[in-house]
Amino acid sequence: MLTIGIYPRKSVYRDNSDSVKVQVQLCKEYAGIIYKDQEIEFKVYDQDEGFSGKNTNRPGFQKMMHDVNDNILDVVMVYKLDRISRNVKEFSAMYEVFEQHNVSFVSVKESFDTTTPMGRTVMYILAAFAQLERENTSERVSDNMHAIGASGKWTGGKLPSGMTSIRRKVDGKKHSYLVVDQSSIWRPKILYKLALDGYPITRIERYCRDHGIKSQTGNYFSNSQIYNILTNPVYCQNGMDAYYYFHDLGCTLPDQRLFDGSYGLIGYGKTKTGKDSQKKVDPTDWSIAIGIHDPVIPASDWIQVQKRLSITNKMIHTQKHEVGILKGVLRCSCGSRMDVRTYIKNGIRFSYYFCAQMVRRGKEYCNSGYVRMEKIDQLFISHLQKIKLNPMNLKIRDDSMVSLRSSDDIKHEISSVQTSINNLTCALSQAMDTPAAGYIINQISELDSQKRNLEDELRNTLMKESENKTAAEAEKQIYDNICYLLDNFEDIDYTGKNELVRKTVKSCVYDGKSLRIIF
């Protein structure tokens, strides 16, 4: 029996590629031609409709690779190479797994399979060209967006606070431009005024809450929202001060003569979007353009705010006092981070843990107060000592991870069922023209259904066994860390203690009476 896994994919519902159903049908027909003398079983992994091929974070693909690793498949077949991958590095890693498990790869559209040297060579060439085309397309889009932005047009995205966009026809084409929204620009103006008055961002956030100042969406401003508004060049006047400021940063700028103070600026390329998050970009890669909107903040004031925020000079803040071994992992019962505050009175040092949101939003939001650092740290150490004496107190494994029976037992049962199917198949070949044929066929069908259920159970059991093994190893590492910390507590410096706690503990939650530790 030859087991062929068919992987179809249609990246987006509106594209003009063949449907998933058509891809599956074409693969089955092609398999019938090239494997015409063999008995074939198909497994279809068709859960990835709508997923992009630029990475392998697709449920159907992951399930297929799991079956490859479990030696369930003999062949993986696709209608077209770019259906399964468009990245040479990831494709090569995938094919290496195929080779380790003796799985052949067949592409219908390109008419090759990896059982031949020519097929393997063509496969890598096509994968390389698929990636090249995707990168070229991305580069063309990026270049086009930069060209639009350099001319002062709005390239889209979330509108800055206090701004709206309009459409204008230029050179026969309509483009979007930013303009000041007079009904909402008061919000950024208040934030800049507070910053110029010397308010740090946390105090600005508190001021807005105390005075009911909310964003256009109706929510209170967060620290990051305030920071983004105060550092956005869109509010800055295009005066000569601004030209020299951005010139010194190394930004790409339009002609100096255009900085006449009549308009506002637009900044592009300040952040770069990655797979999971956005990253700040060095100012030398920023592009500053001149828009058509009125200036909101004079250039000198805008630059003064930047200097207050110290965005051009990355400052390293160090603690004056090395206290609070739970700093970075301790949480309040409200879910917020708990920070450390220390002061010295009459030569005696007092240190407290406190809820960061209590300070920002007030006691109406959280009334946890200030808690002596020694009290919470002692609760933490006492809990670790109990774990050291009795490792059973440390448990991160879920009971659901434990399977009722082992994967070896299930594999043995699958083998037994397969043997029964083979025996019945032989019996059927000798009884085709007898009344027993129908009975035998029904038995084979029932056993085949039983086999598929066992294969699903095996897949789930192998995953649980893997997770259980990983959890057991993690528990041992955590227990070793706890023992090392307690045995060497007096010899480890503050930084070492805090780093070890961070590696060992996910978080600690203090509810005012007890401390809950999450490993």
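Add 153 to the 1-based position in the sequence shown for my numbering, that's all there is to it.
C-beta: ideal position from N, C-alpha, C; glycine also.
Since we're looking at a predicted model, the values are computed, not measured.
A contact between stretches requires three or more CB pairs, one per stretch, nearer than 8 Å, and the region 591 to 602 fails this requirement with the region 628 to 636. If the five residues before and after isoleucine 645 are omitted, its C-beta is found closer than 8 Å to the C-beta atoms of Leu638, Leu653, all from its own chain and listed in chain order. Here tyrosine 396 is buried: its Cβ has 16 or more other Cβ atoms, across all protein chains shown, within 10 Å. Separation of the CB atoms of valine 221 and isoleucine 159 is rounded to 13 Å, and the pair is thereby denied contact status at 8 Å. DSSP, reduced to helix, strand and coil, places threonine 587 outside both helices and strands of the structure shown, so it counts as coil.
Of Leu668, Ser375, Asp633, Val662, the smallest CA-CA separation from lysine 656 is found for Asp633. If the five residues before and after threonine 156 are omitted, its C-beta is found closer than 6 Å to the C-beta atoms of Glu194, Leu226, Asp227, all from its own chain and listed in chain order. Using a 10 angstroms sphere on the CB of threonine 614, the tally of other CB atoms reaches 16 or more, which defines it as buried. Here aspartate 171 carries a coil assignment [DSSP, helix/strand/coil]. Of the other Cβ atoms in all chains shown, fewer than 16 fall within 10 Å of the Cβ of leucine 542; this residue is therefore exposed.
Within the region 296 to 366, the beta strand (DSSP E) runs of at least 3 residues that lie entirely inside it are, in chain order, 316 to 323, 326 to 333. Within the region 511 to 568, the complete beta strand (DSSP E) segments of 3 residues or longer fall at 523 to 525, listed in chain order. Counting along the chain, the unbroken beta strand (DSSP E) around lysine 196 starts and ends at 193 to 197.
A direct Cα-Cα distance of roughly 11 Å separates serine 257 from valine 231.
Assignment of lysine 207 by DSSP, reduced to helix, strand and coil, places it in the coil class. Here valine 332 is not near valine 449, since their CB atoms are 8 Å or more apart.
Counting the other CB atoms within 10 Å of its CB gives proline 353 a total below 16, which places it among the exposed residues.
Ranked by how close their Cα comes to the Cα of lysine 433, the residues Gly422, Pro161, Ile594, Ser336 have Gly422 in first place. Under the three-pair Cβ rule at 8 Å, the region 506 to 514 counts as touching the region 355 to 375.
The beta-carbon separation of lysine 327 and arginine 320, rounded to 5 Å, stays under the 8 Å limit for a contact.
The Cβ atoms of cysteine 404 and proline 436 sit closer than 8 Å to each other.
Residue Asn385 holds the alpha-carbon nearest to the alpha-carbon of valine 458 among Asn385, Ile478, Ile445.
Residue nearest to tryptophan 439 within the set Asp401, Arg461, Val476 is Asp401 (criterion: CA-CA distance). Approximately 6 Å separates the beta-carbon atoms of isoleucine 366 and isoleucine 343; this is inside 8 Å, confirming the contact.
The Cβ-Cβ distance between glycine 417 and glycine 392 does not fall below 8 Å. Take the alpha-carbon of serine 336 and the one of glutamate 358: they are about 21 Å apart. Collapsing the DSSP output to three states places methionine 247 in a helix.
When Ala509, Gln253, Asp454, Met217 are compared, the shortest CA-CA separation from lysine 346 is found for Asp454. Rounded to whole angstroms, tyrosine 373 and leucine 383 show a C-alpha spacing of 16 Å. Distances from the alpha-carbon of valine 493 to those of Ile501, Gly477, Cys661 put Gly477 closest. If you look at valine 231, you'll find it in the beta strand (DSSP E) that goes 228 to 231.
Leucine 532 and valine 524 have their alpha carbons spaced roughly 12 Å apart. A distance of 8 Å or more separates the beta carbons of aspartate 201 and valine 177. Counting the other CB atoms within 10 Å of its CB gives valine 175 a total below 16, which places it among the exposed residues. With a beta-carbon spacing of about 6 Å, lysine 480 and asparagine 651 fall inside the 8 Å limit used to define contacts. In this structure, glutamine 510 and serine 489 form a Cβ contact; the two beta carbons are roughly 4 Å apart against a cut-off of 8 Å.
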